[in-house]
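In what follows, a single structure is set out as structure tokens and then discussed.
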Amino acid sequence: MLNRRDFLRTGLAGSLLLSTRLRGAPATPRPAHGASDPGQARNLIFLVSDGMSLGTLTLAERHLQRWHGRGSHWLGLYAQPGVRRALMDTSSASSLVTDSAAASSAWGCGHKVRNGAINHAADGRPLTPLFHHVRESGRATGLVTTATITHATPAGFAAQVKSRTEEPLIARQYLDLGINVLLGGGRKFFDPALRADGADLLADYTRAGYQVMTDQAALEAAPADRPWLGLFADGYIPYELDRRADAALRDRVPDLATMTRAALRALSTHPTGFAVQIEGARVDHAAHANDIGGLLHEQLAFDEAVGAALEFAAGRDDTLVIVTTDHGNSNPGLNGTGGNFNTLGESYGDTAACFDRLADLRQTNTWVMAGLNTDSTVPQIRDRVHAATTIALTADECDLLRRALRSEPHAAYRVRNSAQITLGQILANYTSVGWAGTAHTTDLVELAAFGPGSEAVGGLMQNNDLFGVMTRALGVGVAV
Ligand SMILES: [Zn+2]
């Protein structure tokens, strides 16, 4: 077990590794190579940026290149030997466009299920999730997310419920399964004062030996020889951009990379290995909202978590690392501009100038909307948007948003009529980042993997193929 001083030293080594990479030297994952038992992984690290269209990954890459002098950890992997890449088909049993429950279940049990279901077949049959097999093998398990810890994506590896809405039950199932590390939001599904049935799961977890935590300081001091339940928000963890803008939130709530490092610190003390799922959940939420500041900074925060996983995996050949998303969402993308003028005849700027405005964003559009209502005036709207984005909207742009706040329809594509989407569309003039819609897409998505068992990744894969990749690598369960 690491004591606090050891942990601090480990943290320092980690930040040294990170600063090395900031200067352009990506961590080098070692490919699996000829042990007596080829392809056998001791550990699994599964990283998912929820709702990440390829455009989102590209925007983060371009931003990092222009403002930080390096690329993303994710795309940096593609230059490394031994890293496999595939395109993944994410369709579900009920739709060309999956939701997170069906997508994570496909990974988690090897079957495509209907949207909304978690590890349940269409005929109601429960299907055994990955972490049951992992537990049987004697390994430790962990879930880390910026959504509620009981949300669909983490639940897909560990829970069995007919509907993803059964989060209070999922909270109980995690305890029954004995998951070793749970870090995220969602205190409302554990706290008796916030649960509809009044059950005190915080007490139940404590009785079972869990270290129950609600802030960053407790996480950093948590003993690695006990299981962890870290709940850092009643609902979702705040958006990274808003978390960083608020000193109290910054101090109390850990970011995804911090949670990831902590989880790996605890899980890696387990003598027979571990499996962990780490989710950047709110990339999806920001995409639904056409919120470019939210989206960019959620994806950057996710990429830091990828970096933390690479720090752990560097120099080891016993850990299968998978980096992917469960589906695209809203297809954001930097559009080439020129000749894009406002109603005053002023140019919004060329493509690069527009894109670089992303570096000036201070708060999410969700923060903007929280300060506006149906009575907001044009000056109030202008001031609020400027405080969040440093962008000065014209009077007619403010008036468009004012009318959207009063539910006056104005858009040809109906999903664009809401006030929040209207704001996202107005800002697209200034950032040149446009959006194709407001929902999940059927697009093929990126999948990267390295380490033992990753040899099976390549070409065009179905999402449920990953279950077999993981179970074969870990030597658990039965092939589907
Ligand atoms: Zn979604």
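Using our numbering, the first residue of the sequence shown is number -16, and each one after it goes up by one. Don't be surprised by glycine CBs; every beta carbon is placed ideally from N, CA and C.
| Item | Value |
| --- | --- |
| Classify residue 456: buried if its beta carbon has 16 or more other beta carbons within 10 angstroms, exposed otherwise. | buried |
| Would you kindly work out how many angstroms separate the C-alpha atoms of residue -11 and residue 408, rounded to a whole number? | Residue placement at residue -11 is poorly supported in this model, since its pLDDT is 37, which falls under 50; the coordinates still yield a value, given next. If I take the Cα positions, the gap works out to 49 Å. |
| Just to confirm, is the Cβ distance from residue 301 to residue 25 under 7 Å? | yes |
| Between 184, 162 and 98, which lies nearest to residue 146 when the distance is taken from Cα to Cα? | 98 |
| Do residue 341 and residue 414 come within 7 Å of each other at the CB atom, strictly closer than that value? | yes |
| Could you say which of 326, 392, 310 and 270 lies nearest to residue 419 if we only look at CA atoms? | 270 |
| Alpha carbon to alpha carbon, how far is residue 326 from residue 176? | 52 Å |
| Would you say the beta carbon of residue 34 comes nearer than 6 Å to a heavy atom of ligand 1? | yes |
| CB of residue 267 to nearest heavy atom of ligand 2: below 6 Å? | Ligands in the displayed structure: ligand 1; ligand 2 is not one of them. |
| I need the straight-line Cα distance from residue 157 to residue 225, nearest angstrom please. | 30 Å |
| Closer than 8 Å is the cut-off here; do at least three beta carbon pairs connect the stretch 210 to 228 with the stretch 344 to 362? | yes |
| Can you tell me which of the three DSSP states residue 90 falls into? | helix |
| For residue 17 and residue 164, I'd like the C-alpha separation in whole angstroms. | Note that residue 17 scores 35 on pLDDT, short of 50, meaning its location in the model is unreliable and no value can be drawn from it. |
| Relative to the alpha-carbon of residue 264, which residue among 84, 182, 436 and 136 has its alpha-carbon at the smallest distance? | 136 |
| Do the CB positions of residue 237 and residue 214 come within less than 7 Å of each other? | no |
| Measure the alpha-carbon distance for residue 365 versus residue 421 and round it to whole angstroms. | 24 Å |
| Take the Cβ of residue 324 as the centre, count every other Cβ of all protein chains shown within 10 Å, and call the residue buried at 16 or more, exposed below. | exposed |
| Could you compute how far the alpha carbon of residue 343 sits from the alpha carbon of residue 28? | 33 Å |
| Contact defined as beta carbons within less than 8 Å: I believe residue 67 pairs with residue 306. What is the distance between those atoms, to the nearest angstrom? | With 8 Å as the limit, residue 67 and residue 306 do not qualify as a contact, their Cβ atoms being about 11 Å apart. |
| CB residue 267 to CB residue 460, shorter than 7 Å? | no |
| Once you ignore the five residues that flank residue 216 on each side, which residues in its own chain have a CB closer than 7 Å to its CB? | 168, 170 and 236 |
| Just curious, the alpha helix (DSSP H) that residue 282 is in, first and last residue? | 275 to 296 |
| Looking only at C-alpha atoms, which of 92, 50, 51 and 69 sits nearest to residue 37? | 69 |
| Mind pulling the beta strand (DSSP E) runs of 3 or more residues that sit fully within the stretch 312 to 336? | none |
| Alpha helix (DSSP H) containing residue 69: first to last residue? | Where residue 69 is concerned, there is no enclosing alpha helix (DSSP H), although the beta strand (DSSP E) it sits in stretches over 67 to 72. |
| Assuming residue 166 contacts residue 246 (C-beta within less than 8 Å), just tell me the rounded distance between them. | 6 Å |
| If I follow the unbroken alpha helix (DSSP H) through residue 428, where does it start and stop? | Here residue 428 belongs to no alpha helix (DSSP H); instead the beta strand (DSSP E) covers 428 to 433. |
| For the beta strand (DSSP E) that contains residue 394, what are its first and last residues? | No beta strand (DSSP E) holds residue 394; DSSP gives it neither H nor E. |
| Drop a sphere of 10 angstroms on the beta-carbon of residue 412, count the other beta-carbons inside from all chains shown, and report buried for 16 or more, exposed for fewer. | buried |
| Secondary structure at residue 29, three-state DSSP: helix, strand or coil? | strand |
| Would you mind working out which of 288, 89 and 241 sits nearest residue 454, comparing C-alpha positions? | 89 |
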